[in-house]
Structures are given as C-alpha cells and as structure tokens.
Amino acid sequence: MVIKPVCKGLLTFIPGAARILPKGRTGGTNSASYCLEVWLKHLALLRSGGMRAMPRTLAELGPGDSIGVGLAALLSGVDRYYALDVVRFSDTGSNLAIFDELAASSKARDASLSDERISRIRSAIASPGSERGGVTIKYMAPWFDVRAIEPESVDAIVSHAVLEHVVDLESTYRVLALWLKPGGMMSHQIDFTSHGTAEKWNGYRAYPEFLWKAIVGRRPYLINRQPCSAHLDLLERNGFEIVATKRVDRTDGIARSRLSRRWKNISDDDLACSDLTVQARKR
Ligand SMILES: C[S@@+](CC[C@H](N)C(=O)[O-])C[C@H]1O[C@@H](n2cnc3c(N)ncnc32)[C@H](O)[C@@H]1O
Numbered sequence: 046m047v048i049k050p051v052c053k054g055l056l057t058f059i060p061g062a063a064r065i066l067p068k069g070r071t072g073g074t075n076s077a078s079y080c081l082e083v084w085l086k087h088l089a090l091l092r093s094g095g096m097r098a099m100p101r102t103l104a105e106l107g108p109g110d111s112i113g114v115g116l117a118a119l120l121s122g123v124d125r126y127y128a129l130d131v132v133r134f135s136d137t138g139s140n141l142a143i144f145d146e147l148a149a150s151s152k153a154r155d156a157s158l159s160d161e162r163i164s165r166i167r168s169a170i171a172s173p174g175s176e177r178g179g180v181t182i183k184y185m186a187p188w189f190d191v192r193a194i195e196p197e198s199v200d201a202i203v204s205h206a207v208l209e210h211v212v213d214l215e216s217t218y219r220v221l222a223l224w225l226k227p228g229g230m231m232s233h234q235i236d237f238t239s240h241g242t243a244e245k246w247n248g249y250r251a252y253p254e255f256l257w258k259a260i261v262g263r264r265p266y267l268i269n270r271q272p273c274s275a276h277l278d279l280l281e282r283n284g285f286e287i288v289a290t291k292r293v294d295r296t297d298g299i300a301r302s303r304l305s306r307r308w309k310n311i312s313d314d315d316l317a318c319s320d321l322t323v324q325a326r327k328r
C-alpha cells in the first residue's frame, strides 16, 4: 500500500515533526559481528579482484550507526581510515563499545595482534582527526567538501548498502575517483530494493513522479532509484575498470505494464537486478 510511505513523507513537511518521529538509525553497523563480516567480505572481494597488499589508507562511504567496518579494517592492518557520511549517526562512546568487541574477537583469531596496536586504535577513536602512533581516523559527516581528502591519497574505498541512497551519484563517483590513487580499488554493495517505499521489491518504479516526491518529503535522502547500469556507466565514465560484478536478479517484481512513465524504457536487466556487488580499479 502506498498510503504509509506517503504519510511518512508528508510528515517530514510538518515543522517539529522530526522530534516526535522515531530517531533514525541505520541498523547493521550497530553490531560488531556485522561490521567484521562486512569488512572481511569486501577485503576478500578486493583481494580476489587483484588488490595485492592490505590498503594503508581506506575510505568508507556511509558507515551508518558505527564506524565499526573501518575499525575492523584498522585491526587488520589499515593505518588511516576516513568515514564519510551525511548524518553523524555514531559517537565516540558507541564506537568504543563496538571496537572493544571487535578487538576481543580479533585477538582470539590472531594472537599476534599486539595490545599496543589495540590501544593506539582506541586512542585514535577517542581523538578523531589526529594521528595516534601511526593510526588516524577521520569521521566526516557531512563530508561534501572535496578537499576533505587529498587527491590520489586513498588505496581503497568501500561502501555497503549506501550507493542506492546517494542523492548526487555523478559527483560522488567523480570525487571517489579523484581521491583514489591510480591502481586503487573500490568495492561496493548496492541494494536496489524498495526500502519500505512499496510492497514489491521494485514497486517504486510504478509511482508517478509527484507521488515519489511526496514519499521522499524533506528527507536529506531516501533511495535514488538509479538502476544497476547507471552505477556501471558512472564507474566507466570516471576512469574505472570494472574487475568483478555479482548481481542478484529477481522475478517477483512488478510487471513491465505497471512501470511509470519515468521507468517505462528501463532494460529488462535493470528491472530485474535487486542487488549488485562491484569491484573496480582506477586506471
Ligand atoms: C542503510 S545505511 C547503511 C549503513 C552501513 N553501511 C551498513 O552496512 O549498515 C545507509 C548509509 O548511507 C549514508 N548515506 C546516504 N547518503 C550518503 C552520501 N551521499 N554520502 C555518504 N553516505 C551517505 C546514510 O547516512 C547511512 O549511514
């Protein structure tokens, strides 16, 4: 039913309504085991895509409820981690709590992980922005200043369940390309499902534009509805070589006859793609 998402969107136009609505949380990275799983997944994909060494400098787009994915990366040997979000969902206290869990499980798996390294990362969390014994964490939210990171200074960039939310995809891919070193790699997981905006997983492609505007309301972002091919095109246009893709296609979406005018020419491939994981190398 479209009534619920429209009501939610319209509520955002009422001054003060944000205070009575449930506080936004992203889910996922509020769990240490989830953060570790996401990091290890992207690390494995980057390695199988040809990344030879552990990245020294890692950037993550959209860390969400905690910067735990980056903290897991620091425990694996990354030295500089940049977390780039639009909303500051996490704070030092919650990040330290996630870190302590991550450190305990990393230590259990890898006895060579030193207490000194753990305490350096801990103090970098407590003093974001400054270097602590070779470890640096920068948490930028909102991050939109391109000068936030030196051009060609980043070895790898990851994001998980983020690029489907980014409002200005064109400039985001351009900036990621600018920050990455030549030969640097990215790994992104993109979820094209409705995120509560429709009953069917791709039901948002049935809505006329005026209805979609009402659903988005005044939120800084919801989902950008850009299909799989738009991401692959942007990667190519920004100088990336696509080294691997894994798509999940579904047949239980809306019928082509229900597509709104905006989406009526969408390809069959894009209409079916509900999830994409992609690794790309900057040429
Ligand atoms: C669904 S959450 C995913 C959070 C986390 N990556 C995870 O796996 O749980 C989407 C995240 O993307 C962030 N986001 C949305 N637009 C963004 C943008 N333009 N740049 C960076 N992050 C963005 C949101 O603020 C939020 O933290």
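Numbering (my numbering) for the sequence shown: 46 to 328. Using N, Cα and C, we set each Cβ at its ideal position, and we do this for glycine too.
Three-way DSSP call (helix, strand, coil) for residue i in this model
i    : result
H240 : coil
P227 : strand
V47  : coil
K258 : helix
H210 : coil
K110 : The sequence as given places Asp at residue 110; Lys does not occur at that position. DSSP places D110 in coil when its eight states are reduced to three.
S302 : helix
L267 : coil
V220 : helix
R295 : coil
A98  : coil
R177 : strand
E215 : helix
V13  : Since the first and last residues shown for the chain are 46 and 328, residue 13 lies out of range.
Delimiting residues of the alpha helix (DSSP H) encompassing residue i
i    : result
A186 : Looking at the DSSP string, A186 is not in any alpha helix (DSSP H), and its letter there is neither H nor E.
F144 : 137 to 154
K309 : From DSSP, K309 is part of no alpha helix (DSSP H); its letter is neither H nor E.
A77  : 77 to 93
E281 : 273 to 282
Range of the contiguous beta strand (DSSP E) that encloses residue i
i    : result
H205 : 199 to 205
Y127 : 125 to 129
V26  : This structure cannot settle anything about residue 26, because the visible part of the chain is limited to 46 through 328.
S164 : Per DSSP, S164 belongs to no beta strand (DSSP E); it is in the alpha helix (DSSP H), 160 to 171.
K245 : Taken as a continuous stretch (DSSP letters only), K245 belongs to no beta strand (DSSP E), as it is neither H nor E.
R326 : 318 to 327
Whole-angstrom distance between residue j and residue i, CA atom to CA atom
i    : j    : result
L103 : G94  : 16 Å
R8   : E105 : The chain is shown only over 46 to 328; residue 8 falls outside these bounds and no answer can be derived.
G228 : L91  : 12 Å
D278 : E286 : 11 Å
P50  : G241 : 7 Å
S232 : A77  : 20 Å
R70  : T322 : 23 Å
L55  : Y252 : 16 Å
Q324 : A128 : 19 Å
G73  : L304 : 31 Å
D320 : N283 : 22 Å
G298 : S204 : 25 Å
S143 : R306 : In the sequence as presented, Ser is not what sits at residue 143; that position holds Ile. The alpha-carbon atoms of I143 and R306 are separated by roughly 45 Å.
V329 : Q234 : Limits of the chain in this structure are 46 at one end and 328 at the other, which puts residue 329 out of reach.
L119 : N247 : 36 Å
V47  : A206 : 23 Å
A62  : E281 : 42 Å
S135 : Y79  : 15 Å
Contact belief for residue i with residue j at Cβ below 8 Å, rounded distance in angstroms
i    : j    : result
T181 : D124 : 7 Å
A186 : V132 : 6 Å
L225 : V191 : Contact doesn't hold; Cβ gap of about 13 Å is too wide.
L147 : S121 : Going by Cβ atoms, the distance from L147 to S121 rounds to 10 Å, so no, they are not a contact pair.
S150 : L81  : 7 Å
P100 : A201 : 4 Å
- prompt: Are the region 282 to 297 and the region 248 to 261 in contact at 8 Å, needing three or more beta carbon pairs?
  reply: no
message: Would the region 260 to 275 count as touching the region 209 to 227 if we require 3 or more Cβ pairs under 8 Å?
response: Because the criterion of three Cβ pairs below 8 Å is met, the region 260 to 275 and the region 209 to 227 touch.
field: Segment contact flag, the region 168 to 177 with the region 146 to 160, C-beta cutoff 8 Å, min 3 pairs
entry: no
message: Taking 8 Å as the cut-off, does the region 107 to 117 touch the region 303 to 318 (at least 3 CB pairs, one atom from each stretch)?
response: no
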